[in-house]
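Asker:
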Amino acid sequence: MEHYRKLERMYHDAPCNDGVDPTLSITGEGTAEVRIEADESQHHAAGAVHGSYYFKALDDATFFAANSIVEDVFVLTTDFHLQLTRPISTGELVATAEVVNDHPKQLIADGVLLDEDGNQLARGTGTFLKSDVELAPDVGYE
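Sequential numbering of the sequence shown, starting at 59, is according to this note's numbering.
#1: Report all residues from its chain with a CB closer than 8 Å to the CB of isoleucine 127; omit the five preceding and five following residues, and keep chain order.
#2: Rounded to whole angstroms, what's the CA-CA distance from threonine 92 to proline 80? Just pull it up for me.
#3: Does the count of Cβ pairs from the stretch 170 to 184 and the stretch 133 to 141 closer than 8 Å reach three?
#4: Among Lys64, Val170, Pro195, Phe186, whose alpha-carbon lies nearest the alpha-carbon of valine 133?
#5: Leaving out five residues on either side along the sequence, give the residues of the same chain with a beta carbon under 7 Å from the beta carbon of threonine 154.
#6: Are the beta-carbon atoms of methionine 68 and tyrosine 199 separated by less than 8 Å?
#7: Strictly by DSSP, which residues pair up with aspartate 168?
#8: Specify the secondary structure class of arginine 93 as computed by DSSP and reduced to three states.
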């Protein structure tokens with residue numbers, strides 16, 4: 059459990075989350091959830107949330123589902139497939155993910171993005187490899 063909390067703290071302190079203010083919860087071994095509040099500042103010209111926010115929520119959730127299994131190093135996203143299924147203008151984006159393949163050479167995690175009413179907005183699958191970057195305090199893992 060301490061590994062999960064360290065990953066969550068590392069995520070919440072990452073500069074790439076400034077202005078988006080997502081919330082990460084590692085819910086168990088190989089599972090994670092990311093929540094992002096959607097508003098007009100995230101809209102594209104047609105008045106809906108830009109797909110990059112869908113990607114961020116799903117990539118982050120699948121990444122941390124995978125890294126919850128790996129306790130010594132960062133994992134790296136090597137491939138991500140995203141399917142956008144429904145637009146949203148405002149409300150909470152909730153991405154849940156779970157590892158579906160835990161192999162020494164790669165991890166694969168599937169995720170689904172829902173709105174606050176449980177409507178599917180997108181699906182995603184990420185492939186992850188172990189890196190050489192150690193999980194240590196100098197990268198915010200504390």
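Idealized CB from N, CA, C, for every residue including glycine. Note that the structure is a prediction, hence the values are computed from the model and not measured.
Answerer: Straight from the coordinates:
#1: Glu87, Gly88, Val157, Asp160, Leu165
#2: The amino acid at residue 92 is misidentified as threonine; the sequence shows valine. About 7 Å.
#3: yes
#4: Phe186
#5: Glu91, Ala119, Gly169, Val170
#6: yes
#7: Glu156, Thr183
#8: strand
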